[in-house]
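In the order they appear, the protein sequences are chains A and B. Using numbering that gives the first Met the number 0, read the first sequence as starting at 0 and increasing by one per residue. Using numbering that gives the first Met the number 0, read the second sequence as starting at 0 and increasing by one per residue. Glycine included, each C-beta is placed from N, C-alpha and C at the ideal position. The structure presented is a predicted model; accordingly, all values stated were derived computationally and were not measured.
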Amino acid sequence: MDFELMLRIYPFFLKAAVVTIELSVLTTILGLVCGALGTAARLSRHWYLRAIGAAYVSVIRGTPALIQLFLLYFGGPQIGIQLDAFEAGVIGLGVNIGAYMTETMRGSIIAIDKGQTEAARTLGLSRFQAFRKVVLPQALRLMIRPLGVNINALIKGTALVAAISVVELTYTAQRYIGSTYKPFEMFLLSGLLYMVIIYVTGKGISYLDRKVRLT
Amino acid sequence: MSDTQNFVEIRNARKSYGYIEVLKDISLNVERGQIVAIIGPSGSGKSTLLRAINDLDPLTGGEVWLDGVQVNKTLPHRQYEKHINQMREHVGMVFQHFNLFPHLTVRENVTMAPRLLKGISKEEADQLAEEQLRHVGLLDRIDYYPSRLSGGQKQRCAIARALAMKPKLMLFDEATSALDPELVEEVNLVMKKLAEEHMTMIIVTHEMDFAASVCDRVLFMDQGYVVEEGPPEVVFKNPKEERTRAFLRKHLGANK
Ligand SMILES: Nc1ncnc2c1ncn2[C@@H]1O[C@H](COP(=O)(O)OP(=O)(O)O)[C@@H](O)[C@H]1O
Ligand SMILES: [Mg+2]
């Protein structure tokens with residue numbers, strides 16, 4: 000194994016890691032927004048909103064993320080959606096992970112005992128107040144860990160945008176193989192950096208989870 | 000409507016789940032300050048009837064009136080929500096499984112609704128919490144989380160939470176059924192105290208002794224009907240209906 004090459008070349012990979020982190024952060028934010036909207040739709044009083052929410056989840060989860068990305072990036076211009084590769088990556092992955100986050104959030108909310116809502120409503124709180132003050136604070140605590148699982152999958156999923164030429168960790172590895180002819184070292188380098196990002200994120204999630212856990 | 004009569008009035012209440020009718024034409028009047036016990040076998044519709052009073056389980060037929068206002072009147076959705084929220088402020092409810100809010104302290108459990116719905120200040124809220132918790136003997140646990148309370152303490156906290164809204168009517172659905180036997184008495188004492196303060200109460204219970212000692216009237220329900228109703232000394236000592244006798248034999252067997 001060529002350690003010298005790895006030491007020489009890793010600063011370029013650090014720059015690529017920054018792009019992967021940016022992608023991950025933006026995708027997480029968009030995913031949480033989509034997840035919240037999807038959850039609101041799926042738990043709505045109105046059947047048509049529930050139908051839209053259910054369709055969103057099943058379409059996204061029923062097709063490969065790569066196809067969704069290609070559809071958006073390559074197919075988009077055909078229907079008037081012009082995005083650069085990074086934008087398409089964030090939007091494609093964000094909307095994708097949002098469907099999974101919808102299920103996570105909804106699961107945490109419906110896991111809260113119905114008696115909680117009943118007690119709140121009995122005191123005179125409105126549906127919204129009961130949700131806001133009683134159900135949500137408990138559900139948020141419950142959903143941190145499973146959302147962490149979604150975020151873990153999302154970080155690894157950002158590798159897909161290499162296929163639409165976003166210069167992140169995976170694409171950078173592929174690019175340097177062209178000049179170094181050392182695929183093992185190159186993929187090892189990006190793999191290690193993914194591991195660092197995921198490890199740190201995981202620690203952060205655990206910390207958050209411990210901090211808000213109900214005793 | 001006069002001040003003393005028909006404070007709570009249930010007229011021809013019916014409730015079905017699909018084809019199954021669980022309340023079959025029930026009428027009930029409760030005067031202000033009265034305490035009514037509802038007894039009967041499991042599945043007879045006691046909870047459903049109680050929960051119809053604050054519209055937690057809406058009736059499929061009939062009317063519920065509270066203090067001259069119809070609880071389950073027909074209104075467009077939004078207006079109905081507003082109306083029902085207002086009605087519920089006046090009706091406290093205590094559940095078998097307490098349903099305390101685990102993410103809030105005892106103090107916050109008690110003050111959340113009044114702060115949110117009556118806009119009282121933090122100082123007023125603290126005062127209210129202290130007053131209510133002293134009333135149920137839980138002042139020393141004011142900053143505990145529910146997970147650190149015993150069952151009896153949890154139920155007393157739940158009662159304080161309901162009382163903090165200053166309700167005109169209290170509903171109890173087997174408030175002591177989930178408690179260890181040695182913790183039942185402390186909750187019963189709080190309920191007796193409320194009785195002495197002339198709180199209007201409707202109490203679903205399996206404790207015949209307690210019902211006999213605090214209630215003005217007892218309703219025996221079976222299979223969605225009120226089979227028998229009257230003062231406790233009549234219903235417990237001299238029931239007219241065979242079904243009541245059979246039920247009481249099972250539940251009072253030892254003492255009779
Ligand atoms: N949500 C529901 N769906 C269908 N049946 C129900 C529901 N809630 C209660 N029931 C039925 O209604 C009947 C009365 O229940 P309930 O009022 O809880 O009885 P009790 O409190 O006297 O034990 C029971 O047969 C029960 O199975
Ligand atoms: Mg019941």
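Query, Result
"State the beta-bridge partners of Gln22 (chain B) as determined by DSSP.", "In the sequence as presented, Gln is not what sits at residue 22 (chain B); that position holds Leu. B:Lys14, per the DSSP bridge assignment."
"Which residue or residues does DSSP assign as beta-bridge partners of Glu62 (chain B)?", "B:Arg10"
"How should Gln85 (chain B) be labelled, buried or exposed, when 16 other C-beta atoms within 10 angstroms of its C-beta is the threshold for buried?", "exposed"
"What's the C-alpha gap between Tyr16 (chain B) and Lys45 (chain B)?", "15 Å"
"DSSP state of Ala177 (chain B), grouped into three classes?", "coil"
"Quick one: is the Cβ of Val35 (chain B) within less than 7 Å of any heavy atom of ligand 1?", "no"
"At a threshold of 7 Å, does Val93 (chain B) count as lining ligand 1 (C-beta to nearest heavy atom)?", "no"
"List, in chain order, every chain B residue whose beta-carbon is nearer than 9 Å to that of Pro136 (chain A).", "Phe100, His102 and Leu103"
"I'd like to confirm the pairing. Which residues does DSSP put opposite Phe171 (chain B) in its beta bridges?", "B:Val93 and B:Ile202"
"Out of B:Val217, B:Val183 and B:Met169, which one is the CA nearest neighbour of Ala194 (chain B)?", "B:Met169"
"I'd like to check one pair, Gly67 (chain B) with Ala12 (chain B): are the Cβ atoms closer than 8 Å?", "no"
"Note the first and the last residue of the continuous alpha helix (DSSP H) segment covering Glu240 (chain A).", "The requested residue 240 (chain A) is not part of the displayed model; chain A covers only 0 to 214."
"Select from A:Asp1, A:Arg126, A:Ala98 and A:Thr116 the residue whose C-alpha is nearest the C-alpha of His82 (chain B).", "A:Arg126"
"Can you list the residues of chain B that Leu218 (chain A) reaches, using a CB-CB cut of under 8 Å?", "Past the edges of chain A, shown from 0 to 214, lies residue 218 (chain A), and the structure says nothing about it."
"By the criterion of Cβ-Cβ separation under 7 Å, what are the contact partners of His205 (chain B) in chain A?", "Neighbours of His205 (chain B) on chain A: none; closest Cβ ~19 Å, over 7 Å."
"Would you give the residue range spanned by the beta strand (DSSP E) that Tyr224 (chain B) belongs to?", "Tyr224 to Gly229"
"Once the 5 residues before and after Val189 (chain B) are set aside, which same chain residues still bring their CB inside 6 Å of it?", "Val135, Arg155 and Ile158"
"I'd like to know whether the C-beta of Phe114 (chain A) is nearer than 8 Å to at least one C-beta of chain B.", "Per the sequence shown, residue 114 (chain A) should be read as Gly rather than Phe. Answer yes: the Cβ-Cβ gap between Gly114 (chain A) and chain B drops below 8 Å somewhere."
"Is there at least one Cβ from chain A nearer than 8 Å to Ser176 (chain B)'s Cβ?", "no"
"Near ligand 1, which residues have their beta-carbon closer than 5 Å to a heavy atom?", "B:Tyr16, B:Val21, B:Ser41, B:Gly42, B:Ser43, B:Gly44, B:Lys45, B:Ser46 and B:Thr47"
"Measure from the alpha carbon of Lys191 (chain B) to the alpha carbon of each residue in B:Pro113, B:Arg242 and B:Asp215, then state which is nearest.", "B:Asp215"
"Quick check on Phe219 (chain B): does DSSP put it in helix, strand or coil?", "strand"
"Check whether the Cβ atoms of Gly88 (chain A) and Ile197 (chain A) lie closer than 8 Å to each other.", "no"
"Could you list which residues in chain D have their beta carbon closer than 9 Å to that of Leu182 (chain B), in chain order?", "As a matter of chain content, chain D is missing from the structure shown, whose protein chains are A and B."
"Do Arg160 (chain B) and Leu148 (chain B) have their C-beta atoms within less than 8 Å of each other?", "no"
"Give me the residue from A:Gln128, A:Gly93 and A:Tyr180 with the minimum Cα distance to Asn149 (chain A).", "A:Gly93"
"If I follow the unbroken beta strand (DSSP E) through Ala287 (chain B), where does it start and stop?", "Absent from the model: residue 287 (chain B). The displayed extent of chain B is 0 to 255, so no value can be given."
"Going by alpha carbons, who is nearest to Ser57 (chain A) out of A:Gly74, A:Ile20 and A:Ile96?", "A:Ile96"
"Given the structure, does Asp221 (chain B) come close to ligand 2, in the sense that its CB is under 7 Å from one of the ligand's heavy atoms?", "no"
"When the cut-off is 8 Å and only beta carbons count, does Lys132 (chain A) lie next to chain B?", "yes"
"Candidates A:Val17, A:Ala98 and A:Gln81: which alpha carbon is nearest Pro63 (chain A)'s?", "A:Ala98"
"Anything in chain B within Cβ reach of Thr27 (chain A), meaning under 7 Å, just list it in chain order.", "Here the premise fails: no neighbours, minimum Cβ distance about 25 Å."
"Do you know how far the Cα of Glu80 (chain B) is from the Cα of Asn237 (chain B)?", "44 Å"
"Between Ala51 (chain B) and Val63 (chain B), is the Cβ-Cβ spacing less than 8 Å?", "yes"
"Mapping DSSP to helix, strand and coil, what is Gln81 (chain A)?", "coil"
"If the cut is a Cβ gap below 8 Å, which residues of chain A does Ser149 (chain B) touch?", "Those do not exist, as Ser149 (chain B) stays about 16 Å from chain A at its closest Cβ, beyond 8 Å."
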